[in-house]
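In the numbering used here, the protein residues as written are 172 to 414. Working notes, beginning with the structure itself.
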Ligand code: GLP
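Encoded structure:
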């Protein structure tokens, strides 16, 4: 029997949308599953294909489904929700969700600071900085591309092996320094061809650009980081108090 009630004041596309969401939430439809074609839904529920398409489009926009041209409509991976209260590392974020963090190191260089980097890190132009480019993985799937700049005179002894794991862990546990606070901006953008390649998405897909300046307690900058996150795998959550 169809779960669509045509006499209800609730729009039909919305009823279908809620029905599919429920199947996903109950785990009856799993990430990667292909949905039956629009035509089948239309026939089964005696509704128009336009209505089915409207429900699918809405679910694609909300990140529940994704379309692959010529292949069909699939259940998307669940988004990772990240709280914006605590100052956490990528490694900690993934572990706290039961995912295995990983890195693909794109490059690791010691370079002279440009004027921009020097001002972000409160050092002099040409002072040595580590430039670290990594693809950040969760259960081996790419989530973000990150470019860190770190003053080599402050954070000593970084190696490829260390940055292939957790930079925050090295700073705190091996160097005994305390990362204290950060300022972070988040903005939306679209992936360029290189980012798309690294993140396994199509060029022009939505991404989130995150810039973080991290400091020690006394205000010394520890890092200046630009990250590009897949917008289909990530969402940010903030708790607000009205005082
Ligand atoms: C997040 C932040 C970066 C920070 C990184 C440290 O991804 N956006 O600013 O450098 O965590 O992560 P890890 O300690 O896993 O190297």
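Glycine residues also receive a C-beta, built at the ideal position from the N, C-alpha and C atoms.
Closer than 8 Å by C-beta to residue i: which residues in its own chain qualify, once you throw out the five before and the five after it? Chain order, please.
i           : result
residue 171 : Given that the chain is displayed from residue 172 to residue 414, the structure contains no residue 171 and the question cannot be resolved.
residue 222 : 183, 184, 187, 213
residue 331 : 276, 279
residue 255 : 355, 407, 408, 409
residue 373 : 362, 367
residue 411 : none
Please determine whether the Cβ atom of residue i lies at a distance below 6 Å from any heavy atom of the ligand GLP.
i           : result
residue 339 : yes
residue 396 : yes
residue 319 : yes
residue 383 : yes
residue 261 : yes
Excluding the five sequence neighbours on either side, which residues of its own chain have a C-beta within less than 7 Å of the C-beta of residue i, listed in chain order?
i           : result
residue 234 : 247, 250, 403
residue 457 : Absent from the model: residue 457. The displayed extent of the chain is 172 to 414, so no value can be given.
residue 270 : 309, 310
residue 204 : 245, 246
residue 375 : 361, 362
residue 224 : 209
residue 238 : 231, 244
residue 268 : 251
residue 297 : 283, 284
residue 264 : 253
Spatial neighbours of residue i within its chain, please: CB distance less than 6 Å, with the 5 preceding and 5 following residues excluded, ordered by chain position.
i           : result
residue 260 : 337, 339
residue 319 : 303, 394, 396
residue 360 : 378, 380
residue 218 : 183
residue 358 : 380
residue 206 : 244
Tell me whether residue i counts as near the ligand PLP, meaning its Cβ is closer than 6 Å to at least one heavy atom of that ligand.
i           : result
residue 223 : Looking for the ligand PLP in the displayed structure turns up nothing; the ligands present are the ligand GLP.
Worksheet entry | Runs of beta strand (DSSP E) wholly within the stretch 347 to 381 (minimum 3 residues, chain order) | Runs of the beta strand (DSSP E) inside the stretch 347 to 381: 350 to 361.
Discussion item. Counting beta carbon pairs with one atom in the stretch 356 to 374 and one in the stretch 399 to 413, are three or more of them shorter than 8 Å?
Written reply: These segments touch.
Discussion item. Please give me, in chain order, every unbroken run of the alpha helix (DSSP H) with length at least 4 that falls completely inside the stretch 188 to 248.
Written reply: Scanning the stretch 188 to 248 for uninterrupted alpha helix (DSSP H) segments of 4 residues or longer gives 209 to 216, 220 to 232, listed from N- to C-terminal end.
Discussion item. Is it the case that the stretch 276 to 283 contacts the stretch 300 to 312, given that we only count it when at least three CB pairs across the two stretches are under 8 Å?
Written reply: Output reads yes: the stretch 276 to 283 touches the stretch 300 to 312.
Worksheet item: With contact counted as at least three CB pairs below 8 Å, one residue from each stretch, are the stretch 334 to 343 and the stretch 284 to 292 in contact?
Response: Between the stretch 334 to 343 and the stretch 284 to 292, the count of Cβ pairs shorter than 8 Å is below three; the stretches do not touch.
Practice prompt. Could you name each continuous beta strand (DSSP E) segment of 3 residues or more that falls completely within the stretch 280 to 343, going from the start of the chain to the end?
Written response: Runs of the beta strand (DSSP E) inside the stretch 280 to 343: 299 to 309, 312 to 322.
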